[in-house]
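Enquirer:
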Amino acid sequence: MDFSISDEQKMFRETIYRYVRAHISPLCLQADLEGAFSREIWRNMREVGLLGLPFPEKYGGSGADFVTCCLAGEAVGHAGIDGGHALAWGAHTYLCGANIMQHGTEEQKEKYLPKLSTGEWIGCMALTEPGCGSDAAAIITTAVRKEDRYILNGSKTFITNAPLAQVFVVFATMDKSQKTRGITAFIVEKDYPGLSTGKEMHKMGCRCSTTSEVFLEDCEVPLENCLGGECNGWAIALGGVEWDRSVLLAPSLGGLMFGLEYCARYANERYAFNQPIRDFQSIQNRIADMRVFQEISRLAIYRIAAAKDSGQFLNPLQAAVNKMYIGDKGFETASNAVDIFGGYGYIHDYGVEAGLRDAKLGQLGGGTSDIMRMIVARAMLK
Amino acid sequence: MDYKLTHQQKEIIAVMGRVASDAIVPVDFDNCVTADIKAGHLRKNMKIMAESGFMELWLGTDMIAACSVGEVFAEICPSTFFSAVSSAFPCTFINSFGTSAQQSKYLNLLLDADHIGALAVTEPDAGSDFSGLSTVAEPREDKWVINGMKAFVTNAWTADVFLVLARTQGNTGVDSEFTFFIMDRNTEGLRIDEPVGTLGLKGALVSTVRFSDCIVGHGAILGHETGNGYGQYSKVLPYIQLAVSAYALGVGTACMAEATSYAKDRKVSGKPIGLIENVGSKLALMYTHNDLGRMMTHRAAWSVMQNEQDAGILSSCAKLFTSESVNKIADMAMQIYAGHGYAGGSKIESLYRDARFPEIAYGTSEILRAAIAKDSLDRFKP
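From first to last, the protein sequence lines are chains P and W.
So that you can map any letter, position 183 of the first sequence is 183 in the working numbering, and since no number is skipped, the others follow by simple counting.
So that you can map any letter, position 11 of the second sequence is 1011 in the working numbering, and since no number is skipped, the others follow by simple counting.
(1) Chain P partners of C1255 of chain W, CB-CB under 7 Å?
(2) On the DSSP bridge assignment, give the partners of W1144 of chain W in chain order.
(3) Does the beta-carbon distance from M1 of chain P to K1004 of chain W come in below 9 Å?
(4) Have a look at W:E1225, W:L1275, W:Y1239 and W:S1281 and flag the residue whose alpha-carbon is nearest the alpha-carbon of P1139 of chain W.
(5) Tell me the start and end of each unbroken beta strand (DSSP E) in the region 70 to 145 of chain P that is at least 3 residues and wholly inside, in chain order.
(6) Assuming R1266 of chain W contacts I1276 of chain W (C-beta within less than 8 Å), just tell me the rounded distance between them.
(7) Per the DSSP calculation, L1119 of chain W is bridged to which residue(s)?
(8) When the distance is taken between beta carbons, is I151 of chain P closer than 9 Å to L197 of chain P?
(9) Note down, one range per segment and in chain order, each alpha helix (DSSP H) of at least 4 residues found wholly within the region 1285 to 1356 of chain W.
(10) Taking the beta strand (DSSP E) that P1124 of chain W falls in, what are its first and last residues?
(11) Could you please tell me which residues of the region 1327 to 1344 of chain W, in chain order, have their CB closer than 7 Å to any CB of chain P?
(12) Expressed to the nearest angstrom, what Euclidean distance is found between the alpha-carbon atoms of C96 of chain P and P54 of chain P?
(13) Run the CB neighbour count on G1217 of chain W, radius 10 Å, all protein chains shown included, and call it buried at 16 or more, exposed below.
(14) My understanding is that L260 of chain P touches Q294 of chain P, with C-beta atoms under 8 Å, so please give their C-beta distance in whole angstroms.
(15) By the 10 Å Cβ neighbour count, where 16 or more other Cβ atoms means buried, how is G1172 of chain W classified, buried or exposed?
(16) Apply the 10 Å Cβ neighbour rule to F1029 of chain W and answer buried if 16 or more other Cβ atoms are within range, or exposed otherwise.
(17) Specify the secondary structure class of M204 of chain P as computed by DSSP and reduced to three states.
(18) Please state if the CB of A1333 of chain W and the CB of E1258 of chain W are separated by a distance shorter than 9 Å.
(19) Report the residue ranges of all alpha helix (DSSP H) runs contained in full by the region 198 to 249 of chain P; include only those spanning at least 4 residues, in chain order.
(20) Find the nearest neighbour of N232 of chain P within the set P:T157, P:P251 and P:F186, judged by alpha-carbon distance.
(21) For A137 of chain P, tell me which candidate among P:A172, P:Y302 and P:G84 has the shortest Cα-Cα distance.
(22) Residues in the region 253 to 269 of chain P with C-beta within 7 Å of chain A's C-beta atoms, listed in sequence order?
(23) Apart from the five residues just before and just after S1128 of chain W, which ones in its own chain have a Cβ nearer than 7 Å to its Cβ?
(24) So, does the CB of Y1106 of chain W fall closer than 9 Å to a CB anywhere in chain P?
(25) Just grab the DSSP bridge partners of F186 of chain P for me.
(26) Looking at the strands, I want to know which residues DSSP matches up with V1209 of chain W.
(27) Does the structure place the region 1075 to 1085 of chain W close enough to the region 1045 to 1059 of chain W that three or more beta carbon pairs sit under 8 Å?
(28) Could you work out which residues of chain P lie near R1299 of chain W, taking near to mean beta carbons separated by less than 8 Å?
(29) May I have the straight-line CA-CA distance separating F1054 of chain W from A1066 of chain W, to the nearest angstrom?
(30) Do we get a CB-CB distance below 9 Å when we pair Q275 of chain P with the residues of chain W?
(31) Tell me, which residues are paired with T1168 of chain W by DSSP?
(32) With a cut-off of 8 Å, do at least 3 Cβ pairs link the region 1067 to 1074 of chain W to the region 1240 to 1253 of chain W?
(33) Along the chain, where does the alpha helix (DSSP H) containing Y302 of chain P start, and where does it finish?
(34) Comparing the C-beta of I183 of chain P with each C-beta of chain W, is any distance below 9 Å?
(35) Would you decide whether D1375 of chain W is buried or exposed? Buried here means 16 or more other CB atoms lie within 10 Å of its CB.
(36) Starting from N153 of chain P and walking both ways along the alpha helix (DSSP H), at which residues does that stretch end?
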């Protein structure tokens, strides 16, 4: 057992941290207030190699492994990025890009990964539908194979990046009666006939990421844009979980570190009844819980990342535990941060209320905590 | 980064696991009539455990193995584990700080469980707060005279060797006020009360020990120099907290196993109750808390072995998390068992009472939170 990281990894993390602190974080609070995706932040993310991080170098990426990707995410969060830009990055690089990287043909990788690496094209992944979220296997978007193209019909919702995206990884079923065995993944481009996106949705948190519905009305997709082979879509969707439960959670860990430092500093300098509020146990308790949660989140996230890097299959129980615990405890912790700041915690300027609104997503996006508990319970009863 | 146990560790755990399940004699401590009967069982079982190397594990060379083994024993019999490891604690002290004469005299006998050890620190009026300790050792010619009393001393009823923390200086600061004395059972003036009845952990015999003009030589001072008691205690405390974490994990795992088994067999309308969300979600939370707690404990154990600066804090994090978790787990397990759990004599009822202990011993949750918070608050000043 070894929990250390190499000097090289430390340096990498430090580089990302410093860069984001200098060039990205100062823009985030205002961007969140406006609820606007910032092209400048996006450019800066490209500058420091975040957008193509896991892609092989020949496609413009850095070839980073899971642990390295987690370190980057942690650094970005620790440096104070807002939830929205972190989410936009995650959906682009991991939910869209990594799927093409892992399942695409050489032609598909050559066509899409370089432009995703530079962020010239923004990517998204469309699985959830108005009628099914948790029950993802029940999707009703259809794909019919014609002579020279697929025709897709249906709609998706809550798709991060959709309003801005050029590249859409879309899941549709080629045979509803086959249930999960009919689901197929496709790469759909923005200007293919029949694809459109809905009005941008106004969200509780992660407000700088753009979110909308995606409509497929006799959408024409070239035959060569089937991703990973017909009827392999379910395995591809499940495969995405390994990124979801490690790399995509890393910015939250970083955010915890940022929050702990911020709250500790405030507790040292804010006075009440002639003493710093750090002297009150009610404040100490919250600070202590943040630290314990931070240690545990770190262990949980890197356990999966380290296992993936050493070639092990994802442990679905560990994945579900990660998501459930980090999501639920994360929201509670974000609320504790607001408590520490008192009235200031309720005001946008101080950052913690945005953190609480952002944190709510952890309990419901990419798998709700209730579903995670169901997954674990079912596995235990086998 | 690597979360896997080494081959050697797996071997040790497997061997000790067999000792735990096959070699030690199961004892129904809840229904043993006298302390002497309990003590007889404990001595025999501790001897068997010692023969397999159990005591040595707590000297610190491989704390990950120690915690993993501890968990296995605690799962099978919490009382036997806690009594045995309580006898090992004096070994850790003597191994770390004893003179070679002290090590020759005491270590092998304790490691072989030919002698039983007991750590005597807490007093009726001083638990969390050392400054309230009133057992005093006064110099008289070339001897020391000890007066006072200790409370809740595990193993006292049968112990051959006591490690007693006494005040050797008044009010000069905790760093120099206290000294550990190694005392033999047959020291004149040393009296051991009958064990007190406890809520749970009924096989761990705890007694008050009284010192009335007990005379010991200079050779009884642990490490031969006075005033080092607090520092020695602080150094060994992480090992003790790891042992308590292992205890919590063992009891938590036992509760989870019982509850899962019950939830599989018990049916409503032909369906195992574990598949009903309100029951299944509890099982999932048990799994989550045990899983994350184990990781945190191993991380802390590794930190202690690596002599990391954060080792003490991480051990406190592990103890805090696992001890609070086991209470939640036991409570959920009791709820799943419902009437069958509440009725006297069920295994789950016994575990429920055993579970209450870890939050109290060797650092209450409240004290641990204060210490963990102080670490962050001191680290992050404005």
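Beta carbons: idealized from backbone N, C-alpha and C, even for Gly.
The model shown is predicted, which means the values in this text are computed figures rather than measured ones.
Expert: Answer, in terms of the structure:
(1) The sequence position of residue 1255 of chain W within the second sequence is 255, counting from 1. Chain order gives no chain P residues near C1255 of chain W, where near means a beta carbon separation below 7 Å; the closest approach is about 13 Å.
(2) For the purposes of this step, residue 1144 of chain W is taken as residue 144 along the second sequence, with counting starting at 1. In the DSSP output, where bridge partners are listed per residue, W1144 of chain W has W:P1139 and W:V1216.
(3) Translated into positions along the first sequence, residue 1 of chain P becomes position 1. Translated into positions along the second sequence, residue 1004 of chain W becomes position 4. It is a contact, given that the beta carbons lie within the stated cut-off.
(4) For the purposes of this step, residue 1139 of chain W is taken as residue 139 along the second sequence, with counting starting at 1. The shortest Cα separation from P1139 of chain W among W:E1225, W:L1275, W:Y1239 and W:S1281 belongs to W:E1225.
(5) Scanning the region 70 to 145 of chain P from its first residue to its last, the whole beta strand (DSSP E) runs of 3-plus residues come out as 123 to 126 and 142 to 145.
(6) Mapped onto the second sequence, residue 1266 of chain W falls at position 266. Mapped onto the second sequence, residue 1276 of chain W falls at position 276. Between I1276 of chain W and R1266 of chain W the Cβ distance is about 10 Å, and since that is not below 8 Å, they are no contact.
(7) For the purposes of this step, residue 1119 of chain W is taken as the residue at position 119 of the second sequence. Looking at the DSSP output, L1119 of chain W sits in a beta bridge with W:L1163.
(8) Position 197 of the first sequence, counting from 1, holds the residue named residue 197 of chain P. Position 151 of the first sequence, counting from 1, holds the residue named residue 151 of chain P. According to the sequence provided, residue 197 of chain P is Thr. The question's Leu does not apply to it. Cβ distance not < 9 Å, so T197 of chain P and I151 of chain P don't count as in contact.
(9) Counting only runs of 4 or more, we get 1311 to 1337, 1339 to 1342 and 1347 to 1355.
(10) Residue numbering aside, residue 1124 of chain W sits at position 124 when the second sequence is read from its first letter. In the DSSP annotation of this structure, P1124 of chain W is not part of any beta strand (DSSP E), being labelled neither H nor E.
(11) Taking a C-beta cut-off of 7 Å against chain P, none of the residues of the region 1327 to 1344 of chain W qualify.
(12) Position 96 of the first sequence, counted from the start, is the residue given in the question as residue 96 of chain P. Position 54 of the first sequence, counted from the start, is the residue given in the question as residue 54 of chain P. Near 12 Å, if we compare the C-alpha coordinates of P54 of chain P and C96 of chain P.
(13) Your numbering for residue 1217 of chain W matches position 217 in the second sequence. Taking a 10 Å sphere around the C-beta of G1217 of chain W, we find fewer than 16 other C-beta atoms and assign the residue as exposed.
(14) Position 260 of the first sequence, counted from the first residue, corresponds to residue 260 of chain P. Position 294 of the first sequence, counted from the first residue, corresponds to residue 294 of chain P. Going by Cβ atoms, the distance from L260 of chain P to Q294 of chain P rounds to 6 Å, so yes, they are a contact pair.
(15) Reading the second sequence from its first residue, position 172 is the one you call residue 1172 of chain W. The amino acid occupying residue 1172 of chain W in the given sequence is Thr; Gly does not appear at that position. By the neighbour-count rule (16 or more Cβ atoms within 10 Å), T1172 of chain W is not buried but exposed.
(16) Within the second sequence, residue 1029 of chain W is the residue found at index 29, counting from 1. It is buried - the Cβ of F1029 of chain W has at least 16 other Cβ atoms within 10 Å.
(17) For the purposes of this step, residue 204 of chain P is identified with residue 204 of the first sequence, where counting begins at 1. When secondary structure is reduced to three states using DSSP, M204 of chain P falls in the coil class, being assigned neither helix nor strand.
(18) Here the question's residue 1258 of chain W lines up with position 258 in the second sequence. Here the question's residue 1333 of chain W lines up with position 333 in the second sequence. Closer than 9 Å, so yes.
(19) Runs of the alpha helix (DSSP H) lying entirely within the region 198 to 249 of chain P and spanning at least 4 residues, in chain order: 233 to 239 and 241 to 244.
(20) Residue mapping note: residue 232 of chain P aligns to position 232 of the first sequence, counting from 1. Distance check between N232 of chain P and each of P:T157, P:P251 and P:F186 places P:F186 closest, using alpha-carbon atoms only.
(21) Mapped onto the first sequence, residue 137 of chain P falls at position 137. Considering only alpha carbons, the answer is P:A172.
(22) Reference to chain A is not applicable here, since the protein chains of this structure are P and W.
(23) Reading the second sequence from its first residue, position 128 is the one you call residue 1128 of chain W. Counting only residues of its own chain and dropping the five nearest sequence neighbours on each side, S1128 of chain W has a CB closer than 7 Å to the CB of T1364 and I1367.
(24) Position 106 of the second sequence, counting from 1, holds the residue named residue 1106 of chain W. At a cut-off of 9 Å between beta-carbon atoms, Y1106 of chain W makes no contact with chain P.
(25) Residue mapping note: residue 186 of chain P aligns to position 186 of the first sequence, counting from 1. Among the bridge pairs identified by DSSP, F186 of chain P is matched with P:V170 and P:C226.
(26) Residue mapping note: residue 1209 of chain W aligns to position 209 of the second sequence, counting from 1. Paired residues: W:K1150 and W:I1192.
(27) The region 1045 to 1059 of chain W vs the region 1075 to 1085 of chain W: in contact.
(28) Position 299 of the second sequence, counting from 1, holds the residue named residue 1299 of chain W. Here the neighbours are F3, E295 and L299.
(29) Taking the second sequence and counting its residues from 1, the one referred to as residue 1054 of chain W is at position 54. Taking the second sequence and counting its residues from 1, the one referred to as residue 1066 of chain W is at position 66. Approximately 8 Å between the Cα atoms of the pair.
(30) Within the first sequence, the letter at position 275 stands for residue 275 of chain P. Taking Cβ atoms only, chain W never reaches closer than 9 Å to Q275 of chain P, which makes this a no.
(31) The sequence position of residue 1168 of chain W within the second sequence is 168, counting from 1. BP columns for T1168 of chain W are empty, so no partner.
(32) These segments touch.
(33) The residue labelled residue 302 of chain P in the question sits at position 302 within the first sequence. Note, Y302 of chain P: alpha helix (DSSP H), Q281 to D309.
(34) For the purposes of this step, residue 183 of chain P is taken as the residue at position 183 of the first sequence. Answer no: the Cβ-Cβ gap between I183 of chain P and chain W never drops below 9 Å.
(35) Counting from 1 along the second sequence, the entry for residue 1375 of chain W is found at position 375. D1375 of chain W should be labelled buried.
(36) By 1-based counting over the first sequence, the position of residue 153 of chain P is 153. Annotation: N153 of chain P is outside any alpha helix (DSSP H); the continuous beta strand (DSSP E) that includes it extends over R149 to T160.
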